[in-house]
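K.L.:
One structure, pasted below without further comment.
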Amino acid sequence: IVEENCSVCHAVGASDKSTHDRATPFREISEFYPVEALQEAFAEGIVAGHPDMPEFTATAEQIGAIISYLQTIQRKQAE
(Lines of atoms letter the chains of each structure in order from A and count residues from 1; the text may use other names and numbers.)
(Lines give C-alpha, C1' and ligand atoms only; values in the text may rest on other atoms or scores of the structure.)
Protein backbone atom coordinates (compact mmCIF):
# COMPACT_ATOMS: atom_id res chain seq x y z
CA ILE A 1 0.00 0.00 0.00
CA VAL A 2 2.72 2.48 0.94
CA GLU A 3 4.89 1.52 -2.01
CA GLU A 4 2.01 2.16 -4.40
CA ASN A 5 0.72 5.38 -2.82
CA CYS A 6 3.60 6.98 -0.96
CA SER A 7 6.99 5.88 -2.29
CA VAL A 8 6.99 8.40 -5.12
CA CYS A 9 8.00 10.97 -2.48
CA HIS A 10 8.61 9.16 0.82
CA ALA A 11 11.25 6.65 1.80
CA VAL A 12 9.10 3.70 2.86
CA GLY A 13 11.77 1.18 3.81
CA ALA A 14 14.45 0.79 6.43
CA SER A 15 17.24 2.55 4.54
CA ASP A 16 15.97 4.22 1.35
CA LYS A 17 15.94 7.99 0.81
CA SER A 18 12.89 10.18 0.25
CA THR A 19 12.89 11.59 -3.26
CA HIS A 20 10.96 14.71 -2.15
CA ASP A 21 12.96 17.03 0.10
CA ARG A 22 9.94 17.73 2.37
CA ALA A 23 8.73 14.14 2.61
CA THR A 24 9.67 12.55 5.93
CA PRO A 25 11.09 9.03 5.61
CA PHE A 26 8.45 6.73 7.06
CA ARG A 27 10.98 5.17 9.47
CA GLU A 28 11.29 8.60 11.15
CA ILE A 29 7.58 9.40 11.53
CA SER A 30 7.51 8.52 15.24
CA GLU A 31 9.99 11.33 15.87
CA PHE A 32 7.18 13.76 14.97
CA TYR A 33 3.91 11.92 15.65
CA PRO A 34 2.79 8.91 17.66
CA VAL A 35 2.27 6.35 14.90
CA GLU A 36 -1.05 5.25 16.40
CA ALA A 37 -2.33 8.84 16.15
CA LEU A 38 -2.00 8.67 12.37
CA GLN A 39 -4.87 6.20 12.19
CA GLU A 40 -7.41 9.02 12.46
CA ALA A 41 -5.52 11.16 9.96
CA PHE A 42 -5.54 8.31 7.43
CA ALA A 43 -9.25 7.72 8.05
CA GLU A 44 -10.06 11.37 7.41
CA GLY A 45 -7.72 11.56 4.42
CA ILE A 46 -4.27 13.00 4.80
CA VAL A 47 -4.08 16.33 3.06
CA ALA A 48 -1.23 17.86 5.06
CA GLY A 49 2.43 17.04 4.75
CA HIS A 50 4.29 18.64 1.91
CA PRO A 51 2.30 21.10 -0.23
CA ASP A 52 2.17 18.90 -3.32
CA MET A 53 1.13 15.76 -1.44
CA PRO A 54 -1.86 14.14 -3.13
CA GLU A 55 -4.95 13.22 -1.14
CA PHE A 56 -4.94 9.62 -0.01
CA THR A 57 -7.99 7.57 0.92
CA ALA A 58 -7.74 4.11 2.46
CA THR A 59 -10.10 1.50 3.84
CA ALA A 60 -10.09 0.67 7.55
CA GLU A 61 -8.25 -2.57 6.77
CA GLN A 62 -5.61 -0.73 4.74
CA ILE A 63 -5.17 1.86 7.49
CA GLY A 64 -4.58 -0.90 10.03
CA ALA A 65 -2.01 -2.47 7.74
CA ILE A 66 -0.25 0.87 7.19
CA ILE A 67 -0.08 1.59 10.93
CA SER A 68 1.23 -1.91 11.64
CA TYR A 69 3.87 -1.51 8.95
CA LEU A 70 4.93 1.92 10.17
CA GLN A 71 5.34 0.56 13.70
CA THR A 72 7.73 -2.13 12.45
CA ILE A 73 10.13 0.21 10.64
CA GLN A 74 10.50 3.07 13.13
CA ARG A 75 14.14 4.03 13.61
CA LYS A 76 13.63 4.56 17.35
CA GLN A 77 13.00 0.81 17.74
CA ALA A 78 16.25 -0.03 15.98
CA GLU A 79 18.45 2.11 18.24
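Last residue of the sequence shown: number 1046 in our numbering, and the count goes up by one each step with no gaps.
Where is the CB? At the ideal position from N, CA and C, for every residue including glycine.
No experiment lies behind these values; they were computed from the predicted model shown.
Give the secondary structure of F993 by DSSP, where H, G and I count as helix, E and B as strand, and everything else as coil.
P.N.:
helix
K.L.:
Give the straight-line distance between the Cα atoms of A990 and Y1000, rounded to the nearest whole angstrom.
P.N.:
14 Å
K.L.:
Thinking V1002 and Q1038 are a contact (beta carbons under 8 Å), I'd like their distance in whole angstroms, please.
P.N.:
5 Å
K.L.:
Run through DSSP, which three-state label would A1008 get?
P.N.:
helix
K.L.:
Could you please give the first and the last residue of the uninterrupted alpha helix (DSSP H) stretch that includes E998?
P.N.:
Premise fails: E998 is in no alpha helix (DSSP H) and is neither H nor E.
K.L.:
Excluding the 5 residues preceding and the 5 following A1045 in the sequence, name in chain order all residues of the same chain whose CB lies nearer than 6 Å to its CB.
P.N.:
Because the pLDDT at A1045 is just 46, under 50, the model does not fix this residue reliably, and the point stays unresolved.
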